[in-house]
Structures are given as structure tokens and as C-alpha cells.
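All remarks here apply to the structure that follows.
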Amino acid sequence: MSIPHRPAARLAGLALAALLCAPAAPASAQAASYRLDPVHTRVLVAISHAGFSDALGTVSGSQGTLSFDPDDWRSAQVDITVPLARIDFGDADWNKAVQAGNLLDVKDHPQARFVSSRIEPVDATHFIAHGALTLHGVTREVALDVRFNQLKRHPLPPFRRTAGFSATTTLSRAAFGIDAWKSVIGDTVTLRIQAEATRSGKADLDTPDAASEPVEAPEADAAAAAAESAAQAAADAAAETAETAEPAASPDPAPHPPKPTP
């Protein structure tokens, strides 16, 4: 028995096969990966000290990755790790007490980690990063209020494209199982974050703004300044020599011829 020709069914089958074999589209065609700069990234911790003042500590050396498209913040992803052993309240004994087992317990929990789950854009330079914060072995949902400062080629070698961010959030230390010294240490912790991240991959010399922005080489600037200084010194010396030199003697007037004797 012959099978009737069914062009519509055949076309549908081909379309389904093409759909199944096609590669998945990336989350954002313009998204780029950036690596956190541990030198220019700081986490400021503020917490009440018995109601008298806010104790301030800083943490340096954070590491992590960011992937984002500044034209579509919804596709952004953040994964950051903070080394709690580097927290500094400005006093060695105080630092030791904060890192002890009844508070941060850095021996068993040396790091805090934030991984974003959803980015909520507010405007072109402001978004909320929702995600999971793991601290003291406990994971809780938090939201970071993030301001996007700028994205451009860094003015110093190796001229990498650099992004800058400022972020804030508040959390309860008791929610993470850190509840010692309630009468002395407040429960609400305020975090203020300043972060810079550089684009992964090769140096950023071929981006559009690299052609429009002058390359500021410190060595060239120093050489130009030295040459200018030397030229100015030579000019000053010449002027001083001219001022102190004795004026040249004026030539004697020509003698008058003697009058003839009558």
C-alpha cells in the first residue's frame, strides 16, 4: 500500500528537527565577564557598640566574578567571596574577639559568599541584586542596593576595561546564628561595599573608547615634565647671566681735528 505524500507533515518534522539541533541562544549577546579587583574592593561593616557609637570594620581581598550587559541588567550574574579573616576594626584584640568561635568563627567559616539569583533593574545606573548570602554556615536571602558608577577603559596600564560599583544592605547577625554579646553588640549589621572589576581576557586596547581616549603613559608624562623643567632652568640661567654681566664700554667719540693756526 502506497503512503500518501504529506508535504505539511514533512515540513513540520523538518522544522522540529532544526529547532532541536539549533544551539541555545546566550542569556545576553552583549554580556561580558569581569573579575573583581581585590585591591580596590572594600567591604565596610557598621554595627552598634552598646549604643554609644557604630563600630566600623573593613574587609579587603574579596574575590569573585561578574557577568553583565550594561544595557540589560536583568541578565547580570554575581558571585563574590569575602575573606573574613581579614576583617579589621583597627585593634588586634578586637579583631581576635570578632573572629572567635562565638562570633564569626573564622576557623570553621573563613569566608562569606554571595551568589545572585535575580537582578531587578531600577534605572540605567541602579539595580537590586537579589541572592543568597552564606555566612557562619547559614544561607539567607539578601538584597543588595547597587549603584553602577561607570564602565570605561582604565587610564593606567594595562588599560583594561573597568567597572565600578557601590552597594549597601542591612542584615540581622542573629539570622545567621551569630548572637553572642547581645547587650554590647547590636543585631543590625550595615554593609557598605565599594567594588571595582576588570574585564577578563586580553588588555582593553581595541575597544571603541580606546581610540577616543588618549593613552596616558606615566613614563611619557615624566619625560615631558623633565624636558620642560630643564628648558625652563636653562632659560632662567640665561636671563640671570644677562642681568649680571657688565655693560660693554661705549666707544670714545671721534676726536675733533685741530683748528688751523692763523
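Read left to right, the sequence shown gives residues -31 to -1, 1 to 231 (mature numbering (1 follows the signal peptide of the UniProt record, and there is no 0)).
Beta carbons are placed, not taken as given, at the ideal position from N, Cα and C, and that holds for glycine.
The model shown is predicted, which means the values in this text are computed figures rather than measured ones.
Linking Asn71 to Glu110 through their CA atoms gives a straight-line distance of about 23 Å.
Asp38 sits in a strand when the DSSP states are folded into three classes. Note on geometry: alpha-carbon atoms of Ala144 and Ser17 lie some 17 Å from one another. Note on Gly106: under 16 other CB atoms within 10 angstroms of its CB, so exposed under the neighbour-count rule. Remark: fewer than three beta-carbon pairs, one from each stretch, lie closer than 8 Å, so the segment 125 to 133 and the segment 45 to 54 are not flagged as touching. In the structure shown, the three-state DSSP call for Arg55 is helix. Cβ contact annotation for Ala164 (same chain, cutoff 6 Å, sequence separation greater than five): Thr10, Phe134, in chain order.
In the DSSP assignment, Leu5 forms a beta bridge with Ala166. DSSP places Val111 in the uninterrupted beta strand (DSSP E) bounded by 107 to 122. Note that the C-beta distance between Pro7 and Phe117 is not below 8 Å. Judged by their CB atoms, Ala(-1) and Phe58 are not nearer to each other than the 8 Å cut-off. Per the DSSP secondary-structure output, Phe83 pairs in a beta bridge with Ile49, Leu102.
For Asp60, there is no enclosing alpha helix (DSSP H), since its DSSP letter is neither H nor E.
Taking a C-beta distance under 8 Å as the contact criterion, Ile97 and Asp74 do not qualify as a contact pair. From the listed residues Ile154, Ile162, Leu5, the smallest Cα separation to Ala24 is found for Ile154.
The alpha carbon of Val158 has as its nearest neighbour, out of Ser152, Ala166, Arg142, the alpha carbon of Arg142.
Taking all protein chains in view, the Cβ of Ala93 is surrounded by fewer than 16 other Cβ atoms within 10 Å, so the residue is classified as exposed. Sixteen is the threshold: when 16 or more other Cβ atoms of the shown chains lie within 10 Å of the Cβ of Val14, as they do, the residue is buried. The beta carbon of Gly146 sits closer than 8 Å to those of His105, Gly106, Val107, all from its chain and outside the five residues before and after it, given in chain order.
Around the beta carbon of Trp42, 16 or more other beta carbons sit within 10 angstroms, so the residue counts as buried. Assigned with DSSP and collapsed to three states, Gln(-2) falls in coil, not helix or strand.
Taken atom to atom, the span from the alpha-carbon of Ala81 to that of Gln32 is near 11 Å.
DSSP places Ala15 in the strand class (E or B) of the three-state scheme. The beta carbon of Ser169 lies closer than 7 Å to those of Ser2, Tyr3, Arg4 in the same chain, with the five residues before and after it left out. The beta-bridge partner set that DSSP reports for Pro90 consists of Phe96.
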